[in-house]
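Just so we're aligned: the sequence shown equals residues 562 to 836 in our numbering.
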Amino acid sequence: MPNIEIFLNERGLRLSLEKTKITPIHEGVDFLGSTIRKFGNKLIIKPAKKNVAKFLSKISVIIKANKATSAADLIAYLNPVIKGWANYHQHTCSSKAFSKVDSEIFRMLWKWALRRHRGRGKRWIKEKYFIKHGSRIWTFSGVGVKANGTVICPKLTYASDVKIKRHVKVRGQANPFDPQWEEYFEKRLSVKMQNSLRGRTQLKTLWSSQQGVCPICRQKITHETGWHNHHIQWKSLGGKDGNSNRVLLHPECHRKVHQLNLTVVKPCFKGINRA
């Protein structure tokens, strides 16, 4: 504790005693919806029980508030909530928690369907609301109509549909303010952009602005060739993260830029100059 206080004081910070909890790592602690606990020599981070219970309570409230709503509309209310929660926990050890919430949500929806059709048999209810989709036999679905008259058949998003992606830790010696690590952090940014909707939108904008062509070799950038995100003015030297300061390069071309100290010119397809 004293060492932490000294470390913070040097940086003008102060430890809040009211919000500080000291606990053995083997007992674990809940933080931001996750339980952080060490089992043997392995540190495990997984969704906290309270967070799972709170999430299921929210789902229950939505379902109970829409007893007379169509299945299609109910799915429209549930999907963003389920996907948002699962996306938040997708970088932790969440497979068991995802399976649990899927099971509980199925149970809630089955009760919702039985309540709506008290005079119908279970087989009829199953065939009306639960279909086979992929490897999942019981997928909750509905039928709706868009404003333009198009018939849609939305399906419920299950937490286990969200792929768990392990967080790749930053190398201990890596320094974002050191030009020697510029290429390393650019590669990390490229991966991060592909894993988010906002990042993929930025990638599409960059790709279109340079006509899908790598400015170094003047060949097309495709999924097969791959790409890296390069900052024209390096971030370690004060460059910004905006699209005006970024360009997509082939991985091999990106390595050449850093190895040969090449400067990429914007707009990208005009070529390169040696620094």
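Even for Gly, the Cβ is constructed at its ideal location relative to N, Cα and C.
| Item | Value |
| --- | --- |
| Neighbourhood of glutamine 651 by C-beta distance below 8 angstroms, restricted to the same chain and skipping five residues each side | Val723, Lys724, Ile725 and Lys726 |
| Cβ separation of proline 715 and glycine 703, assumed to be a contact under 8 angstroms, to the nearest whole Å | 6 angstroms |
| Among Ala735, Ala674, Gly573 and Ala609, the one whose alpha carbon lies nearest that of cysteine 654 | Ala609 |
| Length-filtered (3 minimum) beta strand (DSSP E) runs lying within the segment 597-622 | 603-608 |
| Secondary structure of glycine 705, DSSP reduced to three states | strand |
| Contact set for histidine 819: own chain, Cβ-Cβ below 6 angstroms, skip 5 residues either direction | Glu744 |
| Bounding residues of the beta strand (DSSP E) (the contiguous stretch that carries isoleucine 807) | In the sequence as presented, isoleucine is not what sits at residue 807; that position holds arginine. Run containing arginine 807: 807-810, per the beta strand (DSSP E) assignment. |
| Per DSSP, cross-strand counterpart(s) of lysine 657 | Answer is none; lysine 657 lacks a bridge partner. |
| Environment of leucine 675 [buried if 16+ CB atoms lie within 10 Å] | exposed |
| Lysine 644 - DSSP class collapsed to helix/strand/coil | helix |
| Helix, strand or coil at arginine 727 [DSSP, three-state] | coil |
| CB contact flag (phenylalanine 667, tryptophan 646, <9 angstroms) | no |
| Range of the contiguous beta strand (DSSP E) that encloses leucine 569 | No beta strand (DSSP E) holds leucine 569; the alpha helix (DSSP H) holding it covers 563-570. |
| Burial state of histidine 791 (16 or more Cβ within 10 Å) | buried |
| Of the listed residues Gln794, Ser769 and Tyr719, nearest to threonine 783 (C-alpha basis) | Ser769 |
| Environment of leucine 821 [buried if 16+ CB atoms lie within 10 Å] | exposed |
| Spatial distance of asparagine 804 from arginine 761 (CA atoms) | 13 angstroms |
| Any 3 or more C-beta pairs closer than 8 angstroms across the segment 805-813 and the segment 770-778 | yes |
| Nearest-angstrom Cα separation, counted from glutamate 571 out to isoleucine 565 | 10 angstroms |
| C-alpha gap between leucine 750 and glycine 800, whole angstroms | 14 angstroms |
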